[in-house]
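What follows is a single structure, written as structure tokens, with notes after it.
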Amino acid sequence: LAISSRQGLLIGRFLSRNATTARHLASVPSASFNGTNGSSQSRGPQWASKVALVSGGFLAGCCLTVWQLRRQRSFSEAAGSGVALAASANRPTPPTSVNHIADLVELVSPTAVNIRVEGSTALHSMLGMPSSQGSGFIIREDGLILTNAHVAGRFKGSLVVTLTDGRELPAELIAIDAESDMALVKVSARDLPVLPLGQSKRCRAGEWVIAIGSPLTLSNTVTVGILSNTARNLGTGSNIEYLQTDAAITFGNSGGPLVDMHGQAIGINTLKADAGISFAIPIDEAKNFVDQALSTSRQVISRPKAYLGLTLLSLNPTIARRVFGRDGIDKGVLVHSVHPDSPAQRAGLASYDVILTADGEPVRRVSDLHRAVAKATQRGGGKSVTVRLLVLRSGRELQLDVQPELQGG
Numbered sequence: 022l023a024i025s026s027r028q029g030l031l032i033g034r035f036l037s038r039n040a041t042t043a044r045h046l047a048s049v050p051s052a053s054f055n056g057t058n059g060s061s062q063s064r065g066p067q068w069a070s071k072v073a074l075v076s077g078g079f080l081a082g083c084c085l086t087v088w089q090l091r092r093q094r095s096f097s098e099a100a101g102s103g104v105a106l107a108a109s110a111n112r113p114t115p116p117t118s119v120n121h122i123a124d125l126v127e128l129v130s131p132t133a134v135n136i137r138v139e140g141s142t143a144l145h146s147m148l149g150m151p152s153s154q155g156s157g158f159i160i161r162e163d164g165l166i167l168t169n170a171h172v173a174g175r176f177k178g179s180l181v182v183t184l185t186d187g188r189e190l191p192a193e194l195i196a197i198d199a200e201s202d203m204a205l206v207k208v209s210a211r212d213l214p215v216l217p218l219g220q221s222k223r224c225r226a227g228e229w230v231i232a233i234g235s236p237l238t239l240s241n242t243v244t245v246g247i248l249s250n251t252a253r254n255l256g257t258g259s260n261i262e263y264l265q266t267d268a269a270i271t272f273g274n275s276g277g278p279l280v281d282m283h284g285q286a287i288g289i290n291t292l293k294a295d296a297g298i299s300f301a302i303p304i305d306e307a308k309n310f311v312d313q314a315l316s317t318s319r320q321v322i323s324r325p326k327a328y329l330g331l332t333l334l335s336l337n338p339t340i341a342r343r344v345f346g347r348d349g350i351d352k353g354v355l356v357h358s359v360h361p362d363s364p365a366q367r368a369g370l371a372s373y374d375v376i377l378t379a380d381g382e383p384v385r386r387v388s389d390l391h392r393a394v395a396k397a398t399q400r401g402g403g404k405s406v407t408v409r410l411l412v413l414r415s416g417r418e419l420q421l422d423v424q425p426e427l428q429g430g
């Protein structure tokens with residue numbers, strides 16, 4: 022046990038004082054204490070020495086104990102402040118409330134609605150059963166609601182929206198894109214609560230998310246999970262890369278919002294593949310749909326698909342090491358193969374090229390390239406326009422111009 026000079030001095034003073042007390046006690050006749058003479062007097066010095074020794078030891082022990090406790094407290098405070106500094110420097114500030122998710126649900130759940138289609142067939146009308154039902158969420162105060170196409174437009178009939186306050190309002194279908202499975206409906210109302218739209222491109226795998234909807238007609242049902250993947254291509258031929266989550270999305274949840282920990286919608290709950298595997302349309306895709314729907318008078322939105330003729334793969338360090346056998350290539354989109362007689366082949370693209378930018382915009386994953394091509398098509402008034410790609414090939418950068426073929430629309 023290490024003792025500082027100051028602490029040693031204090032202990033020495035205690036011991037010195039007790040030694041003086043012992044000598045003083047030894048010089049006083051024992052009769053002063055016992056009121057007797059004889060044999061008890063001869064034991065006076067011994068008894069006094071023992072008292073002095075015990076009291077000195079006791080005081081020294083107290084001193085050491087106090088010092089040790091102070092030392093431990095100082096060490097704990099120092100360790101605690103070190104942890105706090107590390108947390109504030111390297112980690113985001115945690116929620117101040119242990120009920121952070123409950124607080125968010127309370128905040129955003131009034132923006133979620135139940136949507137049902139009634140009277141599409143005589144049988145449904147007779148039984149009083151909806152032909153279709155699901156969820157949606159309010160994105161504008163005047164009653165504009167975002168949902169799935171398979172919720173609002175799969176059957177013909179009357180649309181009815183139920184708000185969280187119990188009001189049932191007739192709704193009209195504003196726009197629908199069956200290919201991307203998105204739809205806009207509207208109710209006549211004012212000052213409705215609105216769910217802010219976030220940015221799905223900033224999402225990361227592992228982030229907590231909340232799925233809100235009306236599964237099996239159970240309105241305002243909440244499930245919680247994490248993002249398992251932020252760019253999942255389902256191989257359906259769609260340009261959309263979906264958000265994958267383990268938050269439960271079941272029948273009736275479709276069209277409801279997938280919300281992040283900032284209380285913003287980052288996706289539209291769309292489908293369940295299996296237990297713990299569900300998918301949502303990224304909100305960035307939904308924003309493009311809403312912008313296009315509100316800028317045109319057409320109810321049915323059929324966005325032409327830009328065909329490049331490429332099989333692509335978003336790069337990460339693991340894939341880069343397997344393909345190229347070295348580190349350092351972890352950004353961009355890998356060209357896995359080029360389809361024969363395609364726009365990509367005519368432009369000179371080859372397998373194992375890495376696409377870095379498209380029209381000057383960074384391409385970090387496949388959806389970035391699709392978005393850049395779609396933006397170029399929109400800029401061309403729906404006609405095919407040339408897109409300039411910056412490509413990495415064998416360690417060398419080169420520019421290639423590709424003109425996509427438009428299909429559908």
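Residue numbers (my numbering): 22 to 430. A virtual CB, placed ideally from N, CA and C, is assigned to each residue, including glycine. Quick caveat, the model's predicted, so the values are computed rather than measured.
For K308, which three-state DSSP category applies? Counting from one through the sequence shown, the residue named residue 308 turns up at place 287. The answer is helix: DSSP assigns K308 an H, G or I state.
Sort K222, F272, S316, L377 by Cα distance to N169 and report the nearest one. For the purposes of this step, residue 169 is taken as residue 148 along the sequence shown, with counting starting at 1. Closest in C-alpha terms to N169, from the list K222, F272, S316, L377, comes F272.
Under the three-state DSSP convention, the category L125 falls into: Taking the sequence shown and counting its residues from 1, the one referred to as residue 125 is at position 104. In the three-state reduction of the DSSP assignment, L125 falls in the helix class, which pools H, G and I.
Given a cut-off of 7 Å, decide if A393 and D380 are closer than it, judged by their beta-carbon atoms. Here residue 380 corresponds to residue number 359 of the sequence shown, with the count starting at 1. Here residue 393 corresponds to residue number 372 of the sequence shown, with the count starting at 1. Their beta carbons are under 7 Å apart, which means D380 touches A393 by this criterion.
Whole-angstrom distance between E306 and G219, CA atom to CA atom: Locating residue 219 in the sequence shown gives position 198, counting from the first residue. Locating residue 306 in the sequence shown gives position 285, counting from the first residue. Cα to Cα, G219 sits roughly 11 Å from E306.
May I ask you to verify whether the region 332-342 touches the region 308-319, counting CB pairs closer than 8 Å and requiring at least 3? Touching, no, given that fewer than three Cβ pairs across the two stretches are closer than 8 Å.
Can you give the beta carbon distance from K352 to R400, rounded, assuming they're within the 8 Å contact cut? Stepping through the sequence shown from its first residue, residue 352 is reached at position 331. Stepping through the sequence shown from its first residue, residue 400 is reached at position 379. Contact flag wrong, Cβ pair sits at about 25 Å.
Are three or more beta carbon pairs between the region 295-305 and the region 208-228 nearer than 8 Å? Judged by Cβ distances under 8 Å, the region 295-305 makes contact with the region 208-228, as three or more pairs qualify.
So for F133, helix, strand or coil by DSSP? What you label residue 133 is simply residue 112 of the sequence shown in a count that begins at 1. The sequence as given places Ala at residue 133; Phe does not occur at that position. Here A133 sits in strand by DSSP.
Starting from M282, follow its DSSP beta bridges and name the residues at the other end. Taking the sequence shown and counting its residues from 1, one reaches residue 282 at position 261. Assignment of beta-bridge partners to M282 by DSSP yields no partner.
State the Cα-Cα distance for the pair Q285 and D124, rounded to the nearest angstrom. The residue you call residue 285 lines up with position 264 of the sequence shown. The residue you call residue 124 lines up with position 103 of the sequence shown. In this structure, the CA atom of Q285 is about 13 Å from the CA atom of D124.
Would you call the CB atoms of S156 and N241 closer than 7 Å? Translated into the one-based positions of the sequence shown, residue 156 becomes position 135. Translated into the one-based positions of the sequence shown, residue 241 becomes position 220. For S156 and N241, no; Cβs fall outside 7 Å.
Would you identify the three-state DSSP class for L190, choosing helix, strand or coil? The count along the sequence shown starts at 1 and reaches residue 190 at position 169. Here DSSP, grouped into helix, strand and coil, assigns L190 to strand.
Let me make sure I understand the geometry here. Which of T266, A314, H283 has the alpha-carbon closest to that of T291? As a first step, residue 291 must be located in the sequence shown, where it is residue number 270. Ranking T266, A314, H283 by CA distance to the CA of T291 puts T266 first.
Continuous alpha helix (DSSP H) stretch holding K396: start and end: Against the sequence shown, residue 396 aligns to sequence position 375. Per DSSP, K396 belongs to the alpha helix (DSSP H) from 387-400.
May I ask which residues mark the beginning and end of the beta strand (DSSP E) holding Q265? Position 244 of the sequence shown, counted from the first residue, corresponds to residue 265. Q265 -> beta strand (DSSP E) spans 263-266.
What is the DSSP secondary structure of T271, reduced to helix, strand or coil? Reading the sequence shown from its first residue, position 250 is the one you call residue 271. T271: coil per DSSP, three-state reduction.
Could you check whether the Cβ of N254 sits closer than 6 Å to any heavy atom belonging to the ligand COA? Here there are no bound small molecules, and the ligand COA is not part of this structure.
Using three-state DSSP, classify S63 as helix, strand or coil. For the purposes of this step, residue 63 is taken as the residue at position 42 of the sequence shown. In this prediction, S63 has a pLDDT of 46, which is less than 50 and means its spatial position is unreliable; what the coordinates show is noted afterwards. In this structure, DSSP gives S63 a helical state, which the three-state scheme calls helix.
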